Structure formats: C-alpha cells, structure tokens
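Residue numbers (our numbering), protein chains in the order written: chain X, 452 to 605; chain G, 301 to 436.
Structure, rendered in structure tokens:
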C-alpha cells in the first residue's frame with residue numbers, strides 16, 4: 452500500500468517536472484514603446500499610475516511577470532490572459548489605432564471598469580494593489596470618457 | 301434626390317415588418333424620417349431590410365431575450381451622442397467581421413436567419429460609412 456502511494460506521488464512529481472518544459476511560450480516583454488499611450492498623450496499622473504498598476508501587466512508590452520509565471524501549468528493560464536488582454540487592448544500600441552478604434556477602446560475601458568469586469572478577479576487576487584476602490588473606479592471611468600471626447604474632437 | 305430621401309429610413313421604422321404578427325395597438329411607434337433628420341444615423345432601404353429580417357427580432361423592445369436587448373437596441377441608436385454611436389458601430393462591425401451574429405444556435409434552428417456574405421458585406425460597408433461620417 453505504502454509503495455503504491457509512493458509511486459503515485461513520484462509520478463506526479465515527474466509529470467510536474469515535465470510540464471515545466473512543455474506548453475506555450477511566455478509572451479514577450481518590450482520596454483521601448485514609442486507608440487505607447489503614455490508617450491502619445493499627456494495623461495494625468497494619478498490615472499497613469501493606476502493604469503500602470505492595474506492594467507498594464509496584461510494590456511501593454513510592459514508586463515511584470517510574477518514568480519508563478521515560472522510555474523506550469525499556472526503560467527499557461529497567465530500567458531493566455533496576457534495574450535488575450537494584449538489582443539483586446541494594447542496600450543503600448545495606442546498610437547497605431549485610428550480615431551474610431553481609440554474611441555471604441557476608451558468606451559470599452561469605461562464600461563468594463565464600471566461594471567467591475569476589469570481588472571480580472573484572478574489578477575486582483577494575486578495583485579491586491581490592482582483592486583480598485585470606488586474612487587479609483589470613478590477616476591478611470593471619467594478619464595476614459597473625457598479622453599474619448601478629446602479624441603473625438605481631434 | 302427623391303430616391304435618396306425615400307431610401308433613408310430612421311431606426312424607429314425598423315419595427316415595421318417584424319411586428320406584423322402583433323396586434324395593432326401593440327405596435328411600437330413607427331416613424332419614417334428623411335435625410336434631413338437630425339439623427340446621425342440613417343438606414344438605406346437595403347440595409348434596413350437586412351437588419352429588420354435578421355437582427356431586429358432579438359434587438360428590439362419586443363424581444364424576449366434580455367441579453368440581446370441589453371447588448372444592442374437598434375431604436376436607441378438614433379438618439380445617441382455621436383461618440384456613443386461611434387463605439388457601437390465599431391462593435392457592430394467587429395461582430396460582423398467575426399461572424400458572431402446571428403448566434404450559431406439561432407442559425408442552427410433557423411438556417412434562413414444566417415447572414416449571407418453579401419448581406420454581411422453590405423452591413424459592414426454601411427457601418428464603416430456611418431463611422432466615417434461621425435468621425436469627420
């Protein structure tokens with residue numbers, strides 16, 4: 452009996468080790484982003500800080516990978532979120548968007564934040580600093596809406 | 301000019317064909333507005349017909365599907381600010397591009413509800429033209 456348990460545990464360890472060498476690759480990180488939102492527009496520093504701490508890990512090229520990004524299979528889920536997040540909205544590519552897309556994205560930001568869909572619960576669990584207070588939520592929503600109006604006038 | 305006028309219908313008119321089965325008093329307010337209307341959105345007749353037959357069933361006040369009502373209400377578009385309208389039109393174009401609507405389930409059940417390639421292309425051209433007009 453004891454032997455069986457030992458074998459099961461051992462094989463689990465072996466599988467876990469193998470997992471570390473397979474699976475998707477980590478999305479790239481780039482720190483030089485001339486088309487980044489922050490480089491293209493002057494954003495209030497409070498809003499900028501909030502965007503950086505609550506959104507930029509998944510919605511820009513400047514991802515700060517946490518330690519568990521090195522541990523499969525958790526990392527796979529993380530990579531997935533980042534890929535998806537960048538595809539949906541990548542602040543590092545802000546300057547490449549046309550007027551209509553910018554407005555659409557800002558309206559989406561306002562909606563997602565207002566409804567509490569973003570930042571993702573998963574993310575907030577591991578990044579408590581990304582949990583938005585009501586004030587912070589309002590600040591982001593107001594910023595997104597007023598920036599959209601600004602873009603509209605351009 | 302006359303052709304252009306008659307071809308442009310306002311969103312509220314969308315209930316026209318789809319409410320045929322409802323009793324007269326249940327019909328939503330219908331109105332036909334021409335190009336001079338202050339509304340920032342207008343529907344050429346062919347676009348109107350596609351929306352009416354393939355989208356309006358779920359995206360209208362009469363719909364029994366709360367999700368689709370919340371996601372898009374055609375009749376609300378005419379009263380929207382340009383900026384809101386722009387965002388919605390971009391979303392409509394994206395949904396068309398990805399072929400998400402009408403939903404697969406509906407199309408499985410009612411194959412005739414599927415948007416043909418021509419219809420999708422027509423709606424997309426219209427959405428783009430509307431957005432360009434708004435963004436100017």
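Note that the Cβ used here is the ideal one computed from N, Cα and C, for glycine as well.
All values reported here derive from a predicted model rather than from experimental measurement.
- For residue 383 of chain G, the chain X residues whose Cβ falls inside 8 angstroms of its Cβ are 554, 558, 599, 600 and 603, in order along the chain.
- Among the residues of the segment 358 to 390 of chain G, those with a Cβ less than 9 angstroms away from any Cβ of chain X are 382, 383, 384, 386, 387, 388, 389 and 390, in the order of the chain.
- CA-to-CA, the gap between residue 401 of chain G and residue 509 of chain X works out to about 28 angstroms.
- In this chain, residue 379 of chain G is not harboured by any alpha helix (DSSP H), its DSSP state being neither H nor E.
- For residue 509 of chain X, the enclosing alpha helix (DSSP H) begins and ends at 507 to 510.
- Annotation: residue 411 of chain G to residue 590 of chain X spans about 46 angstroms, alpha carbon to alpha carbon.
- Across the structure, residue 357 of chain G and residue 383 of chain G are spaced so that their CA atoms are roughly 26 angstroms apart.
- Assignment of alpha helix (DSSP H) within the segment 393 to 417 of chain G, counting only whole runs of 4 or more residues, yields 404 to 409 in chain order.
- Per the C-alpha coordinates, the member of G/368, G/367 and G/385 positioned closest to residue 603 of chain X is G/385.
- Contacts between residue 427 of chain G and chain X, judged by CB atoms closer than 9 angstroms, are missing: the closest CB pair is about 10 angstroms apart.
- With a cut-off of 8 angstroms on Cβ pairs, the segment 556 to 568 of chain X is not in contact with the segment 515 to 533 of chain X, counting fewer than three such pairs.
- With three or more CB-CB distances shorter than 8 angstroms, the segment 538 to 547 of chain X counts as touching the segment 475 to 494 of chain X.
- Within its own chain, the residues whose Cβ lies closer than 8 angstroms to the Cβ of residue 431 of chain G, once the five positions on either side in sequence are excluded, are 386, 389, 390 and 393, listed in chain order.
- Look at residue 516 of chain X here: in three-state DSSP terms it is coil, with no helix or strand label.
- Exposure of residue 582 of chain X is indicated by the presence of fewer than 16 other C-beta atoms within 10 angstroms of its C-beta.
- For residue 375 of chain G, the closest alpha carbon among the candidates G/395, G/367 and G/360 is that of G/360.
- Relative to the Cα of residue 567 of chain X, the nearest Cα in the group X/584, X/551, X/504 and X/578 belongs to X/584.
- Under the 10 Å beta carbon count, residue 484 of chain X is surrounded by 16 or more other beta carbons and is classified as buried.
- A buried status is given to residue 569 of chain X, since no fewer than 16 other beta-carbon atoms sit within 10 Å of its beta-carbon.
- For residue 527 of chain X, the enclosing alpha helix (DSSP H) covers residues 525 to 539.
- For the segment 410 to 436 of chain G, the set of residues with a beta-carbon nearer than 7 angstroms to any beta-carbon of chain X comprises 431 and 435, in chain order.
- Inter-residue distance for residue 457 of chain X and residue 463 of chain X is about 10 angstroms (C-alpha atoms, whole angstroms).
- Here the alpha carbons of residue 418 of chain G and residue 346 of chain G stand approximately 11 angstroms from one another.
- Per the coordinates, the alpha-carbon of residue 470 of chain X lies some 14 angstroms from the alpha-carbon of residue 477 of chain X.
- In chain order, 509 and 510 place their CB closer than 6 angstroms to the CB of residue 536 of chain X, counting only its own chain and leaving out the 5 sequence neighbours on each side.
- Closer than 8 angstroms to the CB of residue 550 of chain X there is at least one CB belonging to chain G.
- Per DSSP, the continuous alpha helix (DSSP H) segment holding residue 371 of chain G begins and ends at 366 to 371.
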